[in-house]
Every structure is written in C-alpha cells, then in structure tokens.
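With my numbering as the guide, the letters of the sequence shown map in order to residues 101 to 342. All C-beta atoms, glycine included, are put in the ideal place defined by N, C-alpha and C. Below: the structure, in structure tokens.
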Amino acid sequence: MIEVKNLKKKFGNDLVLKNISLEINDNEVVVVIGPSGSGKSTLLRCIAKLENVSDGKIFFDDIEMTKEKETLRDLRGQLGMVFQHFNLFPNLTVLENIILAPILVKEEKRAKAIVEARRLLALVNLQEKEDAYPNSLSGGQQQRIAIARSLAMHPKVMLFDEPTSALDPEMVGEVLNVMKELAHEGMTMIIVTHEMGFARQVSDRVLFMDDGHIIEENRPNEIFDHPQHQRTKEFLDKILPN
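Written out as structure tokens, the structure is:
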C-alpha cells in the first residue's frame, strides 16, 4: 500500500532522514519507536505530504506521491493523521468539527455527514458529547474526537504521531483503546509512540529509528525480547521496566 524508497529529508544543512526505505502493507499496524530527534515524526509528516521530501520517492497504491499536485489532493484524503495536540476548532461543537471536512472537501450532504459523525462518536464512546465544545472536554476526550474527525474522511491509512504524549496518564488508556479497536477492524496504521506495552500488544511490526535511520525492524516480540542491534538494546534497556 505504501512504499518509501531512499527517502531523505533536510532542514537547512541538517539531514534528518537518511535514505529511509520501507513498505507498509494493507491492514498492517506498524509502530515506530526510538529516541526523541530520531526522525520518527518527520517520517510520518513526509508520508502525509505535510513536508516536502529532499530526495527519494513515496508511493501510495503504486501512485508516486512526490509528483503532481492534483494527484496529491486526491491521495491526501486517503491518509488520516492524528497529532500530539488535538487541533480541534474551539468555536465549533464536536459534531461540527467532525462533519466540516466531509462537507467542504468531499462535498457530502450535511445529513449524510451527520449520520456518519454520530456513528464515529459511538465508535469512540462519546456519542453524548456531540453538542459540546472542545474546551469543555478532557484531553483524552478531545483526542478521541480528533480520531473520529480523521476517520470521517474514510482514509485507507491512519497515521498517529505520539497521540498520547500530551495526555495525563489516566487518559492514555481511553485513546489507546480506540486505536486497538481500529487495529481489530483491520485499519492500516503507522503509529509513532512511546507506549511500549501498546506496541507489543497491537503491532504487526515494530521499527526502531535512531539518527535518521531505521536501525532494526521485526515482529514486536522479537524487537522487545530479542533485539539484534546494540543501539536497540540500549534504548529498550532505558525505557522498559526490569
């Protein structure tokens, strides 16, 4: 579904992504782990076309995303992205936040968009909050609304950039539970996270990144229990409980 070939990304003279190549298959859940500054979020942003690549190619369903802008406009709607911060419109209700893009971008009828929004609110277990405003919600609730808003565009792939990092610890579980449900339903996902228990439980494959490189990739049990690269071992030794 997604193929990245020899991807490089520079910010000024700083080479952040160094010849990254990977493939993401349909219905696969891939978790990306690694220290801060390793290039994880930049990789997601390049795949989502929020950053222009410096070199290399990205393909989505065999279409090169580094080409025509018109093609990119069609493809971008098939990639949903959830960020660390929720970025909900504070002046719109929860329901209006969710239906805005389908109506404006996909030109859906309002009535149809509302029906779908209510289905998604049930999925994230917030159906009673459709008339609430974002500032009245907890961080975990706002992040679940952000997930519902992305799903309203019916993406083929969901990209999550540390979706729980801005949450209080007691709110993390409610967001991860929604993501687990999406994985159970077969949604293709690429997830940058520091939640190692979640990565072990939900992912089909784990990538470990450091200094702009993919250092190691494998099934979660192999990565966490039998890492092959010394840098992976050092990282996991610091963050996993003894």
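Taking N125 as reference, the option from T293, M309 and M289 with the minimal CA-CA separation is M289. Inside the stretch 234–306, DSSP marks whole alpha helix (DSSP H) runs of 4 or more residues at positions 239–251, 269–284 and 296–302, from first to last along the chain. Closest in alpha carbon position to G112, among M101, H294 and N152, is N152. In this structure, V182 and A232 do not form a Cβ contact; the two beta carbons are roughly 19 Å apart against a cut-off of 8 Å.
Rounded to whole angstroms, F298 and L276 show a C-alpha spacing of 7 Å. Here the C-alpha atom of F160 lies approximately 10 Å from the C-alpha atom of K256.
The criterion of a C-beta distance shorter than 9 Å is not satisfied by V132 and V272.
Looking at the DSSP output, H313 bridges to D310. Contact check for I198 and A283: beta-carbon distance about 21 Å, past the 8 Å limit, so the pair fails to qualify. Comparing alpha-carbon positions, the option among F308, H254, I291 and M279 lying closest to F260 turns out to be I291. The alpha-carbon separation between G180 and H329 amounts to approximately 32 Å. Within the stretch 145–200, the complete beta strand (DSSP E) segments of 3 residues or longer fall at 155–160 and 179–182, listed in chain order. R145 is the residue among R145, L220, E103 and M101 whose C-alpha sits nearest the C-alpha of K110. Of the other Cβ atoms in all chains shown, 16 or more fall within 10 Å of the Cβ of V224; this residue is therefore buried. Linking L200 to G134 through their CA atoms gives a straight-line distance of about 35 Å.
A direct Cα-to-Cα measurement between S154 and L107 gives close to 8 Å.
Sorting H185, V130 and R218 by C-alpha distance to the C-alpha of E262 places H185 at the top. In the three-state scheme derived from DSSP, where H, G and I count as helix and E and B as strand, K109 is classed as strand.
With respect to the C-alpha of S121, the residue from I102, P269 and R319 having the closest C-alpha is I102.
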